[in-house]
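Worksheet: one structure, shown below.
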Amino acid sequence: MIIVISGPSGSGKSTIVSELKKENYLYSISVTTRKKRENEINGRDYFFVSVEEFKKMIEEGKFLEYAKVYGNYYGTLKKTIYNALKENKDIILDLDTKGSIRIKKLFKDDALLIFLLTDTIETLKERLLKRSTENEEEIRKRINAVKKEIKDAKKFDYIVMNMSIDGTIEEIKNIIASERKKISRNLHILENFLKNL
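First residue of the sequence shown? That's 1 in full-length UniProt numbering, and the numbers climb one at a time after it.
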């Protein structure tokens with residue numbers, strides 16, 4: 001199953017995804033042209049490349065989806081996703097809403113979209129200010145994008161209010177466990193049972 005975590009800037013996507021990685025979920029490392037943040041490591045958090053390298057990868061058809069977000073390119077590598085599906089493993093993606101919807105269109109029931117949100121817009125602003133990686137103009141752009149992202153969220157499967165890391169992780173793990181039990185994901189069990197009647 002492809003588990004896509006999305007939400008506005010400041011909703012805690014990166015933090016939640018980092019915690020889920022500790023739970024032994026596979027993680028799809030995105031390729032980006034944005035500058036590396038202080039504690040990020042190339043190949044662990046993102047694959048950091050130049051704009052020229054990214055455009056070459058587009059030409060070579062290496063991306064399942066890609067987008068330009070806040071002036072930087074981000075892309076999901078095809079190979080990573082198809083390998084996980086072939087091995088029947090769950091994989092987590094951290095994407096913007098447009099990329100999330102693209103994944104859902106491509107993979108339908110194999111994709112699970114979870115939208116993270118905070119209790120208020122003020123909480124989002126506080127989190128963006130706290131991380132000190134954007135200037136006031138960039139923060140304003142990100143806050144203005146929230147309306148569009150919330151409209152996109154109507155196409156998601158679940159919404160999770162990210163009020164605490166532990167609570168959010170527990171809720172997402174419960175969603176994943178429930179999704180695994182759906183009949184549509186387990187038709188093979190029913191078919192095997194019928195064969196033995």
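A virtual CB, placed ideally from N, CA and C, is assigned to each residue, including glycine.
Taking the Cβ atoms as the reference, residue 160 lies roughly 6 Å from residue 114, within the contact range of under 8 Å. Nearest Cα to residue 176 within the set 10, 20, 14 and 11: 20.
For residue 165, the CB contacts under 8 Å within the same chain, skipping 5 residues up- and downstream, are 12, 15, 16 and 19 in chain order. With respect to the 8 Å criterion, residue 9 and residue 75 are not classified as neighbours on the basis of their beta carbons. Counting every other CB atom within 10 Å of its CB across the protein chains shown gives residue 118 a total of 16 or more, marking it as buried. DSSP places residue 169 in the helix class (H, G or I) of the three-state scheme. Counting the other CB atoms within 10 Å of its CB gives residue 162 a total of 16 or more, which places it among the buried residues. In terms of Cβ geometry, residue 51 and residue 33 form a close pair [threshold 8 Å]. DSSP places residue 41 outside both helix and strand once states are collapsed to three, so it counts as coil.
As a beta-bridge residue in DSSP terms, residue 161 pairs with 117. Beta-bridge pairing by DSSP links residue 15 to no other residue. Here the alpha carbon of residue 138 sits roughly 13 Å from the alpha carbon of residue 127. Contact between residue 81 and residue 155 does not hold, since the beta-carbon distance rounds to 19 Å and is not under 8 Å. With contacts defined as CB atoms closer than 8 Å, residue 54 and residue 27 fail to qualify as a contacting pair. The beta carbon of residue 99 lies closer than 6 Å to those of 65 and 67 in the same chain, with the five residues before and after it left out. Looking only at 151, 145 and 69, the smallest Cα-Cα distance to residue 124 is reached by 145. Comparing alpha carbon positions, the residue from 79, 39 and 157 closest to residue 62 is 79. The DSSP-derived three-state label of residue 109 is helix.
With 16 or more neighbouring CB atoms inside 10 Å of its own CB, residue 116 falls in the buried class. Here the alpha carbon of residue 136 sits roughly 8 Å from the alpha carbon of residue 129.
Beta-bridge analysis with DSSP links residue 94 to 5.
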